[in-house]
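Student: Chains A, B, C and D, in that order, are what the protein sequence lines are.
Note that the first sequence covers residues 1 to 323 in the working numbering.
Note that the second sequence covers residues 1001 to 1323 in the working numbering.
Note that the third sequence covers residues 2001 to 2256 in the working numbering.
Note that the fourth sequence covers residues 3001 to 3256 in the working numbering.
A virtual CB, placed ideally from N, CA and C, is assigned to each residue, including glycine.
Predicted model, so just to flag it, every value in this text is computed and none were measured.
Take this structure first; my questions come after.
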Amino acid sequence: MGDPHLNPAEYDFIAARRRVEAKAKSAAEKLTSLEDAVGRVKDGDQIGVGGCLFSRTPLALMREILRQRRRGLTLARNLTCNEGELFMAAGAVSRVTTAWMSIGLPWGVSKILRHYVETGAVALEEWSHLALGLRFRAGAMGVPFLPALTMLGSDLVGVGGLKTVQDPYTGETVAAVPALFPDVALLHVHRADRFGNCQIDGYPHMDADIARAATTVLVSTEEIISEEETRRYPDRTVVPGFLVDALVHVPFGSFPHECYGLYEADYDHFAEYCAAIDRSGPAAVGDYLERYVYGPPTWSDYLDLFGGERMALQAKRAKELTR
Amino acid sequence: MGDPHLNPAEYDFIAARRRVEAKAKSAAEKLTSLEDAVGRVKDGDQIGVGGCLFSRTPLALMREILRQRRRGLTLARNLTCNEGELFMAAGAVSRVTTAWMSIGLPWGVSKILRHYVETGAVALEEWSHLALGLRFRAGAMGVPFLPALTMLGSDLVGVGGLKTVQDPYTGETVAAVPALFPDVALLHVHRADRFGNCQIDGYPHMDADIARAATTVLVSTEEIISEEETRRYPDRTVVPGFLVDALVHVPFGSFPHECYGLYEADYDHFAEYCAAIDRSGPAAVGDYLERYVYGPPTWSDYLDLFGGERMALQAKRAKELTR
Amino acid sequence: MTERFNASELLAVIAARQLRDDTTVFAGVGVPLLAAALAKRRHAPRLTMVIEGGIIGPEIAPGRLPVSTNEMRAGHRATMLPGITDAFLFAQRGFVDVGFMGGAQIDQYGNINTSVLGADYWHPKVRLPGTGGANDIASLCREVIIVTAHEKRRFVERVDFVTSPSWVRGDGSRRAAGLLFGGVSRVVTTLGILGFDPDSKRMRIEATHPGVSTDTVRQNTGFALLEAPRIETTEPPSDEELEMLRALDPERRFLG
Amino acid sequence: MTERFNASELLAVIAARQLRDDTTVFAGVGVPLLAAALAKRRHAPRLTMVIEGGIIGPEIAPGRLPVSTNEMRAGHRATMLPGITDAFLFAQRGFVDVGFMGGAQIDQYGNINTSVLGADYWHPKVRLPGTGGANDIASLCREVIIVTAHEKRRFVERVDFVTSPSWVRGDGSRRAAGLLFGGVSRVVTTLGILGFDPDSKRMRIEATHPGVSTDTVRQNTGFALLEAPRIETTEPPSDEELEMLRALDPERRFLG
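This is the structure we're talking about:
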């Protein structure tokens, strides 16, 4: 816990490329079950999580990781929401690499974040929002670092072990943001064909970079479209099928987080969740895990806990905001 | 001519940022005439040209530059087509920065390229396709260079003055591709609202990076859409209005080059153009300039030389290919 | 402070006045977003808001204000959704004129802490949510304006942790750290407007709100404040400003 | 060569056979694109073509073959259009298994010249179109396969200009130049298949086409060729291969 030094495996671009070279880059069908897809995640993996905060979080995939009782994981995500709290409370994660963690302004500083980090149970490695974005982008580009003008002069430099580099042209010293090559990328997208070609509406967040940076790419999708549909709008594809390892069809796969244009985040659920923590402390998250993660055998059973009416309301709200 | 050394103004990210800082980043209306838009181009400017080869070339804007008799320009474009030949023959350009120049496989090596470069009249500074793309991207990102694994071990290194940099994390030496900050970006897009928010269909090419890298951004568009339309599909916008200086409504603004989904490139026109060069050598381009550039006062008069039937045929062919 | 408006309203109005037309502003959710929206409605119609979630040119939906920078509400009627990394890269390139920021702790050089309270980062006394986009806004915008309640526990001599650097330790140390551009120009608080001495880059009083004395400002600040050659008194929020502002947040989600 | 097929058909068929299923291939227009399309139709249905214009997974429209890598015809029924820079970055990351290349001049280490003939780059005897994507394909793909007519003027001891490096000067010089991955594995020509000695990285004969002797290969090569321990004879194009190939280019735009 709390080691301020970068793990060389995170930025070793040569090893990361060899892993990709060794993989089949296939245009085969990728559709499978949540259980099978998530079976590819190993204890100790570094996981790059798509979406941002409570937007397009791959919750169905993440829930399944918890159900499969993985341990010693690192979660890397630009803004971390209550999915990070679930991983902390479940004992699944030993390190969170992020720029910010809590749920949102109305619910204040996360008490779960405070509990697990202040006790030293989980290390919170903090990078600036852009720096973490550039870490994924460097990984996506297959280079060991990207130059940047951010994060310098701050105490964040020491937390992550950021180095500088001298520009060989002007002689100026700039930040050298190290690549991050996750073992696994988890994405939730709006639509994909059965070959894994993925399309996203609205905010792209960092998903395309995370997918390219990772060795193994697991995707859940709201909708399965035909190959014809992909080929009709190829300029909408953001992740090509050949780099996807497993694809799962999971409508409402981010709920109660949002999916742009399809359903809004359920603020009321966040409020209930936070109220329980206010009442019972971290133990409330244990109860939540039992009720929402370990209890319901399938994602459909999980969604039943929210109920169709609530989901329909959030869908209506999303349409109002984006039409 | 033929100086193999990089001009520091190309990669000076500090000066480039100061130029952008000094500009108004306004959400004002940007619609104007070709004459007014192109009046912003000065002799000696470095010009980043959008599109690629004969796809989405900003020909209406480029024709107007020739009509305004600019001199001593540098054209930077990843693949350069016959628009580069016109600039050479018009005496407008002293240097072309590119990865490839000719029209296409069936028409062989450009005789105009050969004439002007072999005589030393124009310097052809050759970068790899990716390296030139990364030069624009570094510019777009506001950094002086980007690390890459390409172009090393080749004689191209000496042509452009490519340097290397040592990765501060792994110690490996990688290419450091210098930024390119053009004075002016020229783009032709599918649609834009009057505030300059631009959308592109099909191939994005390098337009978004070129626009961000440049100091002055001039755009021609096939269609003017309402602000409502922009706000309905914000995920389609690739250039935000605040960085556009001038916008011109020019249907068929790339013709006889292609515009994805709207009209196919006119191979027959290329064949006629090349046949004239085969007959008369570089003088044929002089004739072409008189007929297509200096003669017709407006872009509409220019299009009349091709005729509505030909344009309709190319439009039909585009639809067949992309529907 | 009079009873015509509360602290949040005062901050939003004074912050809005800092924005000029034909510019771009990086605004977070809450009061900064309301300030930017107010400026655009009132005096800067050609202002463009940029939100770190990867949003350009959004409009505010009154009654549907976002609680995060990365949700549908924040991008309502946006003109572009470039993604998070690219939104910040616009700032790195120099396209963002002003960045609004807040912070748990602010020191005399304008540095901000939103990470940890206590001396040991890895075992903090209080773990705060972290930088989010604040460090990048502080590093990359042409100019940064801090907007915050003025409290002694917030304005501290030395922040426990520099999450977002402004003038670092003064005397050219920002440039020496590799931050080639920008820096905090003003601190808009519930008591007045603070700036920085051009040479030492230490914080100074530049204006006070009506009825606030410089002594009151000092009493609520945990370090010695310099004074500008001339200290102005701000114009209080006008009825028009307050009316337009309140229309943006009818539920008083952020105006309290 | 028999009369059942011409040189372009032979090259396309032999090149197609080099491609395995469940892989990706960077293919330029002309014979390489036909070879990739043939492989996909015949034995590698899960092959993905990547085209440098920024195109992934296109299909060939017989009779509407592209003449450049950056036009609508090249992207016909593509599954993704990521842009040029990003297409190459996929290769840089390691996602492209095989790259096809041609060239005006090829030397004994597989280096290619498509830039200039003559000694002075800035005042060349003949200015050629330039690298296009060739240098990047040579630098970044996991493996490169050169496909070319076998002519003595083309296979030269030393190219006038190294546009696209393969093994540079042999003996680890590729790695020393900073090219950490890839390199040319095979050269498919109108006379046979050439490879490289594993140690010296000098070109060697690995197979000849039916009826072609190693002497003929040598006579058409401008430098001394090594020989593989065992020299194979290639299978001539089958009727099935030729039929499928010809269906892709009914106008014989590239098949001649």
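When the cut-off is 9 Å and only beta carbons count, does residue 56 (chain A) lie next to chain B?
Tutor: Position 56 of the first sequence holds residue 56 (chain A). With 9 Å as the cut-off, residue 56 (chain A) does not count as an interface residue toward chain B.
Student: Look at the alpha carbon of residue 2008 (chain C) and the alpha carbon of residue 1014 (chain B), and state the distance between them as a whole number of angstroms.
Tutor: The sequence position of residue 2008 (chain C) within the third sequence is 8, counting from 1. The sequence position of residue 1014 (chain B) within the second sequence is 14, counting from 1. If I take the Cα positions, the gap works out to 37 Å.
Student: Between residue 1180 (chain B) and residue 1076 (chain B), how many whole angstroms is the CB-CB distance? I'm expecting something under 8 Å.
Tutor: By 1-based counting over the second sequence, the position of residue 1180 (chain B) is 180. By 1-based counting over the second sequence, the position of residue 1076 (chain B) is 76. Indeed they touch by this definition, with Cβ atoms about 6 Å apart.
Student: Indicate whether residue 1052 (chain B) and residue 3084 (chain D) have their beta-carbon atoms separated by less than 9 Å.
Tutor: Residue 1052 (chain B) sits at position 52 when you count from the first residue of the second sequence. Residue 3084 (chain D) sits at position 84 when you count from the first residue of the fourth sequence. It is a contact, given that the beta carbons lie within the stated cut-off.
Student: Pick out whichever of C:2039, C:2078, C:2144 has its Cα sitting closest to the Cα of residue 1237 (chain B).
Tutor: Locating residue 1237 (chain B) in the second sequence gives position 237, where the first residue counts as 1. Closest option to residue 1237 (chain B), Cα to Cα, is C:2078.
Student: Below 8 Å on the Cβ atoms is my guess for residue 3297 (chain D) versus residue 1285 (chain B); work out the distance and round it to an integer in Å.
Tutor: The question about residue 3297 (chain D) has no answer, for chain D in this structure spans 3001 to 3256.
Student: Between residue 3096 (chain D) and chain A, is there a C-beta pair that is closer than 9 Å?
Tutor: Reading the fourth sequence from its first residue, position 96 is the one you call residue 3096 (chain D). Yes, its Cβ sits closer than 9 Å to a Cβ of chain A.
Student: Anyone know if the C-beta pair for residue 2116 (chain C) and residue 2019 (chain C) falls short of 9 Å?
Tutor: The residue labelled residue 2116 (chain C) in the question sits at position 116 within the third sequence. The residue labelled residue 2019 (chain C) in the question sits at position 19 within the third sequence. In this structure, residue 2019 (chain C) does not lie closer than 9 Å to residue 2116 (chain C) by Cβ.
Student: How would you label residue 1240 (chain B), buried or exposed, when you count the other beta carbons within 10 angstroms and need 16 or more for buried?
Tutor: Position 240 of the second sequence, counted from the start, is the residue given in the question as residue 1240 (chain B). The residue in question, residue 1240 (chain B), is buried, as its Cβ has 16 or more Cβ neighbours within 10 Å.
Student: Given a limit of 9 Å on CB to CB distance, which residues of the stretch 133 to 156 of chain A reach chain C?
Tutor: 133, 134, 136, 137, 148, 149, 150, 151, 152, 153, 154, 155, 156
Student: Just the chain C side, please: which residues come within less than 8 Å of residue 120 (chain A) by C-beta, in chain order?
Tutor: One-based indexing of the first sequence puts residue 120 (chain A) at position 120. Neighbours of residue 120 (chain A) on chain C, chain order: 2122, 2123.
Student: Are there three or more Cβ pairs, one per stretch, closer than 8 Å when the stretch 2103 to 2121 of chain C is compared with the stretch 2140 to 2156 of chain C?
Tutor: The way I'd put it, the stretch 2103 to 2121 of chain C does touch the stretch 2140 to 2156 of chain C; three or more beta-carbon pairs between them come closer than 8 Å.
Student: According to DSSP, is residue 2101 (chain C) helix, strand or coil?
Tutor: On the third sequence, residue 2101 (chain C) is found 101 positions in, with the first residue counted as 1. DSSP places residue 2101 (chain C) in strand when its eight states are reduced to three.
Student: Taking the C-alpha atoms as reference points, what is the distance between residue 243 (chain A) and residue 18 (chain A)?
Tutor: Sequence index remark: in the first sequence, residue 243 (chain A) carries index 243 (1-based). Sequence index remark: in the first sequence, residue 18 (chain A) carries index 18 (1-based). Going from the Cα of residue 243 (chain A) to the Cα of residue 18 (chain A) covers about 14 Å.
Student: List the whole-angstrom C-beta distance separating residue 3136 (chain D) from residue 3091 (chain D), where the pair is believed to meet the contact cut-off of C-beta under 8 Å.
Tutor: Residue numbering aside, residue 3136 (chain D) sits at position 136 when the fourth sequence is read from its first letter. Residue numbering aside, residue 3091 (chain D) sits at position 91 when the fourth sequence is read from its first letter. Indeed, because the Cβ distance is near 7 Å, the residues count as touching under 8 Å.
Student: Fully enclosed by the stretch 1049 to 1106 of chain B, which beta strand (DSSP E) runs are 3 residues long or longer?
Tutor: 1073 to 1076, 1093 to 1098
Student: Would you tell me roughly how many angstroms separate the C-alpha atoms of residue 72 (chain A) and residue 99 (chain A), rounded to the nearest one?
Tutor: Against the first sequence, residue 72 (chain A) aligns to sequence position 72. Against the first sequence, residue 99 (chain A) aligns to sequence position 99. One C-alpha to the other measures close to 20 Å.
Student: To the nearest angstrom, how far is it from the Cα of residue 1322 (chain B) to the Cα of residue 178 (chain A)?
Tutor: For the purposes of this step, residue 1322 (chain B) is identified with residue 322 of the second sequence, where counting begins at 1. For the purposes of this step, residue 178 (chain A) is identified with residue 178 of the first sequence, where counting begins at 1. Looking at the two C-alpha atoms, the distance is approximately 40 Å.
Student: So which of C:2149, C:2119, C:2180, C:2114 has the shortest CA-CA distance to residue 2143 (chain C)?
Tutor: As a working note, residue 2143 (chain C) is residue 143 in the third sequence. The shortest Cα separation from residue 2143 (chain C) among C:2149, C:2119, C:2180, C:2114 belongs to C:2180.
Student: Can you tell me which of the three DSSP states residue 2068 (chain C) falls into?
Tutor: Counted from its first residue, the third sequence places residue 2068 (chain C) at position 68. The answer is coil: DSSP assigns residue 2068 (chain C) none of H, G, I, E or B.
Student: As a quick exercise: from A:266, A:306, A:291, pick the residue whose alpha carbon is nearest that of residue 2066 (chain C).
Tutor: Position 66 of the third sequence holds residue 2066 (chain C). The option with the nearest alpha carbon to residue 2066 (chain C) is A:266.
Student: In this structure, how does DSSP classify residue 1277 (chain B) when only helix, strand and coil are distinguished?
Tutor: Here residue 1277 (chain B) refers to the residue found at position 277 when the second sequence is read from its first residue. Three-state result, residue 1277 (chain B): helix.
Student: In its own chain, which residues sit with a C-beta less than 6 Å from the C-beta of residue 3111 (chain D), not counting the 5 before and 5 after it?
Tutor: Counted from its first residue, the fourth sequence places residue 3111 (chain D) at position 111. For residue 3111 (chain D), the CB contacts under 6 Å within the same chain, skipping 5 residues up- and downstream, are 3159, 3162, 3165, 3166 in chain order.
Student: Residue 3008 (chain D) by DSSP, collapsed to three states: which one?
Tutor: Counting from 1 along the fourth sequence, the entry for residue 3008 (chain D) is found at position 8. If DSSP states are grouped into helix, strand and coil, residue 3008 (chain D) belongs with the helices.
Student: Please decide whether residue 1002 (chain B) counts as near chain D, where near means a Cβ-Cβ distance under 9 Å.
Tutor: Sequence index remark: in the second sequence, residue 1002 (chain B) carries index 2 (1-based). Because the pLDDT at residue 1002 (chain B) is just 46, under 50, the model does not fix this residue reliably, and the point stays unresolved.
Student: Whose CA, out of A:21, A:233, A:312, lies closest to the CA of residue 325 (chain A)?
Tutor: Here chain A has residues from 1 to 323 only, and residue 325 (chain A) is not among them.
Student: Return the chain-ordered list of same chain residues with a C-beta closer than 6 Å to the C-beta of residue 3197 (chain D), the five sequence neighbours on each side being excluded.
Tutor: Here residue 3197 (chain D) refers to the residue found at position 197 when the fourth sequence is read from its first residue. Contacts found: 3204, 3226.
Student: Leaving out five residues before and five after residue 65 (chain A) in sequence, what residues of the same chain have Cβ atoms less than 6 Å from its Cβ?
Tutor: Residue numbering aside, residue 65 (chain A) sits at position 65 when the first sequence is read from its first letter. Taken in chain order, the residues that qualify are 38, 41.
Student: May I ask you to list, following chain order, the residues of the stretch 3016 to 3044 of chain D that have a beta carbon less than 7 Å from some beta carbon of chain A?
Tutor: 3022, 3023, 3024
Student: Can you have a look at residue 1280 (chain B) and say buried or exposed, based on whether 16 or more other CB atoms are within 10 angstroms of its CB?
Tutor: Residue mapping note: residue 1280 (chain B) aligns to position 280 of the second sequence, counting from 1. By the neighbour-count rule (16 or more Cβ atoms within 10 Å), residue 1280 (chain B) is not buried but exposed.
Student: On the DSSP letters alone, give me the boundaries of the beta strand (DSSP E) that residue 2026 (chain C) sits inside.
Tutor: Translated into the one-based positions of the third sequence, residue 2026 (chain C) becomes position 26. Its beta strand (DSSP E) spans residues 2024 to 2026.
Student: Which ranges would you report for the beta strand (DSSP E) in the stretch 102 to 155 of chain A if only whole runs of at least 3 residues count?
Tutor: Taking only runs of at least 3 residues, the beta strand (DSSP E) segments lying wholly in the stretch 102 to 155 of chain A are 123 to 126, 145 to 148.
Student: On the DSSP bridge list, what partners appear for residue 2155 (chain C)?
Tutor: As a first step, residue 2155 (chain C) is located in the third sequence; it is residue number 155 there, counting from the start. As computed with DSSP, residue 2155 (chain C) is found in a beta bridge with C:2106.
Student: Please say whether residue 2056 (chain C) and residue 2081 (chain C) have beta carbons closer to each other than 9 Å?
Tutor: As a first step, residue 2081 (chain C) is located in the third sequence; it is residue number 81 there, counting from the start. As a first step, residue 2056 (chain C) is located in the third sequence; it is residue number 56 there, counting from the start. Going by C-beta atoms, residue 2081 (chain C) is nearer than 9 Å to residue 2056 (chain C).
Student: Can you round the beta-carbon distance between residue 2182 (chain C) and residue 2139 (chain C) to whole angstroms, since I take them to be within the 8 Å contact cut?
Tutor: Residue 2182 (chain C) sits at position 182 when you count from the first residue of the third sequence. Residue 2139 (chain C) sits at position 139 when you count from the first residue of the third sequence. Rounded, the Cβ-Cβ distance is 7 Å, consistent with contact.
Student: State buried or exposed for residue 1 (chain A), treating a residue as buried only when at least 16 other CB atoms are found within 10 Å of its CB.
Tutor: Position 1 of the first sequence, counted from the first residue, corresponds to residue 1 (chain A). Any answer about residue 1 (chain A) is weak, because its pLDDT of 42 lies below 50 and its placement is not dependable; what the coordinates show is given next. Residue burial is scored here from C-beta neighbours: residue 1 (chain A) has fewer than 16 other C-beta atoms within 10 angstroms and is therefore classed as exposed.
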